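These notes are about the structure you will find just below.
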Amino acid sequence: MNKRLLYVCCFIVSCIIVLSQCVSKQRSTGLRGEQFAGAATCAGCHKNIYDSYLATAHYNTSHPASQSTVKGNFNDTFIYSNAMKVVMEARDSGLFQAGYVNDTLQELHRFDIAIGSGRKAQTFLYWEAGKYFQLPVSYFVSAHAWANSPGFPAAHPKFDRMIPSTCFGCHSSMVGVKSTEMTGLHITEQFEKNQLVYGIDCERCHGPGAEHVAFHTAHPQEQQAKYMTKTGSLKNQQKLDMCAVCHSGLKTPQRSVFDFRPGDKLSDYIYADITRPAKPSEMDVHGTQYQLFTASKCYIKSENMNCSSCHNPHSGDKQEVFSQRCMSCHTTASHNFCKLTTLPEAVLAKNCIDCHMPALPSGSITLLTNGHLSPTPDSIRTHLITVYGDETKKVIARLTKKL
């Protein structure tokens, strides 16, 4: 290859890179501002971490709805009483939930957004006239079936439940709000259609990255991270607050959680909830991970335990990995290992969380499937680390059969 051709190729590549950065910048400017680079930019230097992150529940908590992102079969039907039903229809123009009465079409709404990673359940939103609404039928993964959306009436399909921007605060990294009007205590929001930064992306946890990217692009030899908050340097409560933004349940916001930056205080964004149950036994397992975890003896007796002591946010860890992290503190040498003697030590060391953090039924997330008179609660692993006698008996019985 001669020098002139090499220069031309380099120029073309440079133009493509600059153009892609400009497009990315325009897209982020519309929603989050020029200080954000976009998560895909992180892959340039952090490819292994980025590729692993793509499989996490954080990344997959929201997607544009499509055949590849929506769980469940289409042309299935959810039947209500009085000859009412909702049919999941795959049409040439997209995916829809169609409401029928006596086989006469009453309402037809598109699957626009899929909410939920699909590990336990998914629910779906449609956009209409500047507002987002939740569709009446969700998908319950453990039952492999469509189900009445949580909290929706069981007797008829409800298509008019509006979704506010606060819901997007924990299921996206930004939503495009066109306008906000307040009448008394009632807030009405107008949204830009499908203007979302889907999933919980890198910059929700690490802060805006455009300045960081620009500096290290210009100084590729620099190994010390510049213009980014180092989460490892934060105080323990600051680390907890980052996770508690979403994992402490619904609260009354003082300001948008989209503005939260690593190192900020959660109390500056959320009003204290005076109605919150004081006892862990009164808390639902859904949405109160922070409260349950901080009520656990493991946390109380530790000086610096936080969510990342067990969770790697960049990967979807399996049960055995969590148990290994328990073993970093609970060892026979320190005389605080499991006191059960009915199973070998090696077996116990791989099953800590089934006994001490079992999956328990949620009272707030319940789904009614076809043919059932009462809804089925979603099972969610509790974050109150303690001894659960009944669950332990079940685990011992299950593991004994395998020996």
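The sequence shown runs -20 to -1, 1 to 383 under mature numbering (1 follows the signal peptide of the UniProt record, and there is no 0).
Just so you know, even glycine gets a beta-carbon here, dropped at the ideal spot from N, CA and C.
No experiment lies behind these values; they were computed from the predicted model shown.
Span separating the alpha-carbon of residue i from that of residue j
i: alanine 70; j: serine 61; result: 24 Å
i: histidine 136; j: glutamate 108; result: 21 Å
i: glycine 98; j: leucine 320; result: 35 Å
i: arginine 184; j: glutamine 271; result: 21 Å
i: glutamate 14; j: cysteine 226; result: 25 Å
i: leucine 85; j: phenylalanine 139; result: 14 Å
i: leucine 246; j: cysteine 223; result: 10 Å
i: threonine 312; j: arginine 305; result: 15 Å
i: valine 375; j: histidine 291; result: 23 Å
i: lysine 27; j: leucine 75; result: 33 Å
i: lysine 173; j: asparagine 53; result: 26 Å
i: tyrosine 106; j: asparagine 40; result: 18 Å
i: alanine 123; j: glutamate 202; result: 51 Å
Local Cβ density within 10 Å of residue i, reported as buried at 16 or more and exposed below that
i: lysine 100; result: buried
i: serine 314; result: exposed
i: aspartate 181; result: buried
i: methionine 162; result: exposed
i: valine 178; result: One point to set straight first is that residue 178 is tyrosine, not valine, in the sequence displayed. Buried, since its Cβ has 16 or more Cβ neighbours within 10 Å.
i: arginine 241; result: exposed
i: serine 159; result: exposed
i: isoleucine 59; result: exposed
Contact under 7 Å by Cβ, residue i with residue j
i: serine 118; j: alanine 127; result: yes
i: phenylalanine 171; j: methionine 142; result: no
i: aspartate 56; j: methionine 68; result: yes
i: threonine 274; j: glycine 243; result: no
i: serine 359; j: alanine 339; result: yes
i: histidine 38; j: isoleucine 95; result: no
i: leucine 176; j: valine 157; result: no
i: phenylalanine 16; j: proline 260; result: no
i: tyrosine 251; j: glutamine 234; result: yes
i: phenylalanine 104; j: phenylalanine 120; result: no
Minimum C-alpha distance to residue i - residue among the options
i: proline 133; options: Pro188, Asn55, Pro116; result: Pro116
i: valine 81; options: Val66, Ile93, His89, Ser73; result: Val66
i: valine 193; options: Asp239, Thr21, Gln304, Phe148; result: Thr21
i: threonine 380; options: Gln217, Cys309, Leu323, Cys335; result: Leu323
i: threonine 349; options: Ile29, Ala205, Pro130, Asp92; result: Pro130
i: proline 200; options: Ser42, Gly24, Phe16, Asp31; result: Gly24
i: cysteine 278; options: Leu11, Asn316, Ile250; result: Asn316
i: serine 46; options: Asp72, Leu34, Tyr30; result: Asp72
i: tyrosine 30; options: Ser295, Thr41, Pro144; result: Ser295
i: alanine 377; options: Asp334, Gly343, Glu202; result: Asp334
i: isoleucine 167; options: Asp370, Phe148, Pro144; result: Pro144
i: isoleucine 345; options: Pro357, Arg12, Phe238, Phe104; result: Pro357
i: serine 342; options: Gln269, Ala19, Lys382, Thr372; result: Gln269
i: glycine 110; options: Glu169, Gly149, Thr146, Phe58; result: Glu169
Task: Inter-stretch contact (C-beta, 8 Å, three-pair minimum) for the stretch 260 to 267 and the stretch 360 to 372 - done: The stretch 260 to 267, when compared against the stretch 360 to 372, does touch it at the 8 Å Cβ threshold.
Open item on the list: Could you check whether the stretch 293 to 308 touches the stretch 327 to 342, counting it as contact only if at least three pairs of C-beta atoms, one from each stretch, sit closer than 8 Å?
Closed with: These segments touch.
TODO: Would you be able to state if there are at least three C-beta pairs under 8 Å between the stretch 206 to 225 and the stretch 283 to 297?
DONE: Contact holds: three or more Cβ-Cβ distances are below 8 Å.
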